[in-house]
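Remarks on the structure that follows.
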Amino acid sequence: MHRIVAVVLALLFAPVGPARAEADAAGQGRILFEQKCASCHTIGGGPRVGPDLHGAHQRRSEEWLIRFITQPDRMIAEKDEVAVRLVEQFNRIVMPNLGLKEAEAQALLGHIRAASDAAAAPAEIPAAAVAALGRPQLIAPQSIVLGIFFFISAIILLVFAWVGLSTRSPEEVNVKKAYGFRKAMFATASVVVVAALALTMPGAPYAVASLKPDRIVYVAARQFDFVFSDEPITSAADLGRIPTLQRLELPADALVEFRVTSLDVNHGFGVYGPERQLLAQTQAMPGYVNRLRVRLAQGGYYKVFCLEYCAAGHHAMQSGFNVK
Amino acid sequence: MSQLESRLIDRTVPDIPLQLSDGRRLHLSDLWREHPLLVTFFYRRCTGICTPFLEGVRDATRRSGGLGSDYRVLALSFDDADSAEDVRAQAAALGLLGSPDWDFAVTDREALGRITGALDFWYRYDPARRQIEHNAMIVGIDGGRVVRALVAGGGEGGRMRELVWELRGSFIPIYAVPGQTPLSCFTFDAATGETRLDWGMLLLTLPALAALIAALGVFYLGGRLRRVRPEIDTAKAWITSHH
Amino acid sequence: MRKANSYTLYWMGITFLLFPVLAILGIYMRTVQAGGLAGSLTWFYPMMTLHGVGMVGVWYVAAMACAADILSRYTEPSPAVRGLALFGTLVGVLILLVSAFLGKFAAGWYFLYPLPFKGEWPVWSAVAFLLSLTILGATWLLWSLDLLRAIAVKYSITHALGWHYLAGRSEPEIPPSIMIITVSLIAGVAALVAGVIVLVLFYLELFTGAPSDALLMKNFTFFFGHTIVNLAMYLGVAAAYEVLPQYAGRPWKSNRIVAISWNTVLLIVLFAYFHHLYMDFVQPGTLQYIGQIASYASAIPAAVVTIFGALLLVYRARMRWNLASLLFFLGLIGWAIGGMGAVIDSTISANVRLHNTLWVPAHFHTYMLAGLVFLVFAYFYHCSQEAAAEPERPGLQKLVSFLMVAGAYGFFLMFYLSGAYSVPRRFAIYPAELAHGGTFSAIAAVFATVFLIGFFIYLSETGRRWYKALQTAS
Chain A
10 MHRIVAVVLA LLFAPVGPAR AEADAAGQGR ILFEQKCASC HTIGGGPRVG
60 PDLHGAHQRR SEEWLIRFIT QPDRMIAEKD EVAVRLVEQF NRIVMPNLGL
110 KEAEAQALLG HIRAASDAAA APAEIPAAAV AALGRPQLIA PQSIVLGIFF
160 FISAIILLVF AWVGLSTRSP EEVNVKKAYG FRKAMFATAS VVVVAALALT
210 MPGAPYAVAS LKPDRIVYVA ARQFDFVFSD EPITSAADLG RIPTLQRLEL
260 PADALVEFRV TSLDVNHGFG VYGPERQLLA QTQAMPGYVN RLRVRLAQGG
310 YYKVFCLEYC AAGHHAMQSG FNVK
Chain B
55 MSQLESRLID RTVPDIPLQL SDGRRLHLSD LWREHPLLVT FFYRRCTGIC
105 TPFLEGVRDA TRRSGGLGSD YRVLALSFDD ADSAEDVRAQ AAALGLLGSP
155 DWDFAVTDRE ALGRITGALD FWYRYDPARR QIEHNAMIVG IDGGRVVRAL
205 VAGGGEGGRM RELVWELRGS FIPIYAVPGQ TPLSCFTFDA ATGETRLDWG
255 MLLLTLPALA ALIAALGVFY LGGRLRRVRP EIDTAKAWIT SHH
Chain C
2 MRKANSYTLY WMGITFLLFP VLAILGIYMR TVQAGGLAGS LTWFYPMMTL
52 HGVGMVGVWY VAAMACAADI LSRYTEPSPA VRGLALFGTL VGVLILLVSA
102 FLGKFAAGWY FLYPLPFKGE WPVWSAVAFL LSLTILGATW LLWSLDLLRA
152 IAVKYSITHA LGWHYLAGRS EPEIPPSIMI ITVSLIAGVA ALVAGVIVLV
202 LFYLELFTGA PSDALLMKNF TFFFGHTIVN LAMYLGVAAA YEVLPQYAGR
252 PWKSNRIVAI SWNTVLLIVL FAYFHHLYMD FVQPGTLQYI GQIASYASAI
302 PAAVVTIFGA LLLVYRARMR WNLASLLFFL GLIGWAIGGM GAVIDSTISA
352 NVRLHNTLWV PAHFHTYMLA GLVFLVFAYF YHCSQEAAAE PERPGLQKLV
402 SFLMVAGAYG FFLMFYLSGA YSVPRRFAIY PAELAHGGTF SAIAAVFATV
452 FLIGFFIYLS ETGRRWYKAL QTAS
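From first to last, the protein sequence lines stand for chains A, B and C. Residues 10 to 333 (the numbering used here) make up the first sequence, in order. Residues 55 to 297 (the numbering used here) make up the second sequence, in order. Residues 2 to 475 (the numbering used here) make up the third sequence, in order.
Printed below as a string of structure tokens:
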């Protein structure tokens, strides 16, 4: 009884408890997969930085798979036909040698087998969604920004053109009058600046403590994927121990709070709406959690792209969620 | 377990009748009307985790601050055999008797069923041991809805602190990274809940200071050279005197 | 006719050599993004890194070379330090090329901590990159201090910063270029010291394993990166103040307003970099708002006063239009438009939609390429023409300006549109949802090529004069 008490108390109040040892091999395979593979591969979720591993055990021999998992660098160097083809197919991003031992590779294979059997077929959501994409559209905030920029640029160009052309008919200029004009312009510019500051600063996205979010989603970014969960994942050891959300669904019109951190380098968490326009973003930083609050009014499929360069797989680092 | 916790977020808590340890009768909503409420469950005859658990909550809330001013704690007995005197004895055992920040309460069987059902709090009477098997739970409630819940068995200690701060309406933006250098930009003070500038931010003023010192130094030396030998071309003088 | 300074000519040679190579890397990147050259994908990010750090470095030293040349008209920068700056820069560039081409180092030009240690490149290439930046940073710091020294032996600090204008006196007369260069060099020392601190913290981790705080490193990195780019721009503006009056036949003098605006810049330019951290919500909110205020406040005095001054200088003047005066005039337009794009991006509520989209390269390419580069090209042409005194061909010079302007602005427009369409920057390949980014890239590559053609004609015009000037250089 005292042991249970100690465990419960330790879990609730101790700083950070050690990860619970997961004894069974299948569990080990799942944890290994989440920690080492899931940043580039899915099982039935479609290809990402690397191929979808659904049914990989049926496509390739066990011997080949074990060798590729443990020594991908050597197989590529030896110009193994399949390995080279995969490198070509996946934008020449090579699979790194993760230092896995044969027993670990076996455990991984066991997980791939079990997960392939559990998942019916690779998800076709992205493919179908992409096929249905129409012309890109500009939503209001973005077109306002572009409009303001074009308008001011046009004024700058017109003024410069007018002054440039005036040199065709040279004449002495009344400097005193010009300085008076400058004073007026300086004052006007200052007023415009102060007004612009007053108008735009309240729109800053930083969390307002008085608002209570309807839903909290934890996001752990890593090279090269985003992991969603209901519990904070703050280290690689948490992966596999804390359940992750494979398919994230959010209620429409709810205030959602993403708590974004990173397990390795700086990443960006950019939320793109169904119009394929940026709605909100925050940085994912190692050691810190950024709190991003968004109210997603419109239903549909939202994409998340990495908006801070994070090495070779940066452009392939993406995720998404459904809003209903 | 964590799925249970996440399921609880934003759930509506039933407004059940309560009897406090001093005999007063009121409703749960009377307690959360003024301040957010931290609710936890226990029973008096428990020979297991209840008392150490409550002690843990007591110490953790003391450490995190804001108790009484920003939120209060309700310890609710889930044993319908417990009376107001029983929970009063529990409060006394914890040294919390008469504490303005804590309430100990009992309720009737029907209300107990409603609130434990709403919060998925699990317990079962074991006649052989004459004990109630149960899990441990802390629920933060604001305005009648669950802000965040902790269920024993699936989390780490920092989350208790996080729950308390969240209940107080603030946010802890920092998670510790093992082996971090002392040079961070700001630190989170668990006692006050405020972020304070740290040495790292002070270090950020160093470049500006260096530039200021460099500029003043260079112009001071240049000025001295100009005053000492005003008749010659000072620029050349510097170069010849330094090379 | 005025003899050209040989160091200025060497810097011109280096710029003319490196710029087209780095520009071609940029066109290469746009081509890959458009779906071409797919086989070379692994080179995209290393070349992106080289293009970024190379361009920032080249235009910083080119602007410094202009500043040193201007200063040599009034005082005497040390020839030894000028030689050292040249040597140190060449060594730094050499190591940089090794890290990019042999090591495929690809952490981006601002090498955000801890990415240099966590990429697919070998550790030695990260070390080489850091070493290269250390050499460059130390060299440039020394160079900046020597230029400040050269100013100090002629002017007191109160005169060099024009404080007597603030007090209402107009004697002694201080050329505005001296005032701007003094401001830029002092702030530049701060930026370079920030760079040194970043590098020290990187080495600390490399040798002792002590990790640094990611937020702190980000602050220092942008303190260094943003400020150095900003100041290079101001040095280019100083060149316009110095030379444009010669073509307008009117003086462009310091006065109280000019002194106020550049002293304001000195006060606030170091706070503007906070706008790079808007999307780091953990950064204390006060600093974020200071970032927006400082970004707005540094734009108004310097830009409004300078641009108004320039327009007044040219308005109805008996202007002698040639490649130099045209490019100065065009450079100020690019500065104004790019600056406007920057001010929009430094608005926190707009930054949410624009941060790390192609809007960012859009505005910095506008004020770097159509701003700083045009100003420096103008100054370089001016120097070589002064020494060579070759007959000028107005038609050809107008064609050069036209090609460069049309190419550059067409290429910027694609960036701005991509940014408005939320296409992220630094993507080697665009995902299906953002496939329109590839179309913009293809058009941009064509426009950039037009610019490059314009540049090569400019090079043939300036190169001839540069060669002649080299024969008679002092």
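Note that CB positions come from ideal geometry on N, CA and C, so glycine has one too.
Thinking C-alpha only, which one of B:196, B:130, B:138 is nearest residue 300 of chain B?
-> In the structure displayed, chain B extends from 55 to 297; residue 300 of chain B sits before or after that span and is not available.
Enclosing beta strand (DSSP E) for residue 129 of chain B [first to last residue] = 126-131
Just confirm the distance between the C-beta atoms of residue 330 of chain A and residue 257 of chain A, as a whole number of angstroms; I'd bet it's less than 8 angstroms.
-> 4 angstroms
Indicate the three-state DSSP secondary structure (helix, strand or coil) for residue 191 of chain B in the structure shown.
-> strand
Under three-state DSSP, which class holds residue 94 of chain B?
-> strand
Does any CB atom of chain A fall closer than 8 angstroms to the CB of residue 63 of chain B?
-> yes
Segments assigned beta strand (DSSP E), at least 3 residues, entirely inside the segment 258-284 of chain A | 264-271, 276-281
Which same chain residues, not among the five before or five after residue 101 of chain B, have their C-beta less than 7 angstroms away from its C-beta?
-> 185
Got a sec: which bits of the segment 306-320 of chain A sit with their beta carbon under 9 angstroms from any beta carbon on chain C, in order along the chain?
-> 312, 314, 315, 316, 317, 318, 319, 320
Taking all protein chains shown into account, decide if residue 295 of chain B is buried (16 or more other Cβ within 10 angstroms of its Cβ) or exposed.
-> Unreliable positioning characterises residue 295 of chain B in this predicted model, as indicated by a pLDDT of 45, which lies under 50. A coordinate reading is not provided.
Is the CB of residue 280 of chain B under 8 angstroms away from at least one CB in chain C?
-> yes
Residue 320 of chain C: contacting residues in chain F (beta-carbon distance under 7 angstroms) | Among the protein chains in the structure shown, which are A, B and C, there is no chain F.
Output yes if chain B places a C-beta closer than 8 angstroms to the C-beta of residue 61 of chain A; else output no.
-> no
Which term fits residue 183 of chain A, buried or exposed, when burial requires 16 or more other beta carbons within 10 angstroms of its beta carbon?
-> exposed
What do you reckon, are the CB atoms on residue 204 of chain B and residue 217 of chain B nearer than 8 angstroms?
-> yes
Can you find at least 3 beta carbon pairs, one from the segment 147-165 of chain A and one from the segment 323-340 of chain C, that sit closer than 8 angstroms?
-> yes
Contact the segment 151-160 of chain C vs the segment 303-319 of chain A: 3+ CB pairs below 8 angstroms | no
Spatial distance of residue 65 of chain C from residue 83 of chain A (CA atoms) | 49 angstroms
In or out: residue 30 of chain A buried (at least 16 other Cβ within 10 Å) or exposed?
-> Bear in mind that the predicted position of residue 30 of chain A carries a pLDDT of just 39, short of 50, making it too unreliable to give a figure here.
Give the single residue among B:142, B:88, B:66 whose Cα lies nearest to the Cα of residue 73 of chain B.
-> B:142
Indicate the three-state DSSP secondary structure (helix, strand or coil) for residue 356 of chain C in the structure shown.
-> coil
Just the C-alpha distance for residue 262 of chain A and residue 211 of chain A, rounded to the nearest angstrom, thanks.
-> 21 angstroms
According to DSSP, residues forming a beta bridge with residue 323 of chain A | DSSP, once it has assigned bridges, lists no residue as partnering residue 323 of chain A.
Report yes or no: do the segment 45-56 of chain A and the segment 224-239 of chain A share at least 3 C-beta pairs separated by less than 8 angstroms?
-> yes
Within the segment 183-222 of chain A, ranges of the beta strand (DSSP E) (whole runs, at least 3 residues) | none
Taking 8 angstroms as the cut-off, decide whether the C-beta atoms of residue 1 of chain C and residue 376 of chain C are in contact.
-> Only positions 2 to 475 of chain C appear in the structure, and residue 1 of chain C is not among them; the question remains open.
Applying a beta-carbon distance threshold of less than 7 angstroms, which residues of chain B neighbour residue 187 of chain C?
-> 265, 269
Is the Cβ-Cβ distance between residue 97 of chain C and residue 133 of chain C less than 8 angstroms?
-> yes
Using beta-carbon positions only, say whether residue 150 of chain C and residue 276 of chain B come within less than 8 angstroms of one another.
-> yes
Taking any Cβ of chain A, which residues in the segment 186-201 of chain B have a Cβ under 9 angstroms from it, in chain order?
-> 189, 190, 192, 196, 197, 199, 201
Presumed contact (8 angstroms Cβ cut-off) between residue 63 of chain C and residue 16 of chain C, rounded CB distance = 5 angstroms
Taking 8 angstroms as the CB-CB cut-off, is residue 225 of chain A touching chain B?
-> yes
Starting from the beta carbon of residue 150 of chain C, find every residue of chain B whose beta carbon is closer than 8 angstroms, and list them in chain order.
-> 272, 275, 276, 292
Assigned secondary structure, residue 295 of chain A (DSSP; H/G/I helix, E/B strand, else coil) = strand
Since residue 151 of chain B meets chain C, which of its residues come closer than 8 angstroms, beta carbon to beta carbon?
-> What residue 151 of chain B touches in chain C: nothing, since even the nearest Cβ is about 42 angstroms away.
Mind checking which residues open and close the alpha helix (DSSP H) that includes residue 232 of chain C?
-> 215-249
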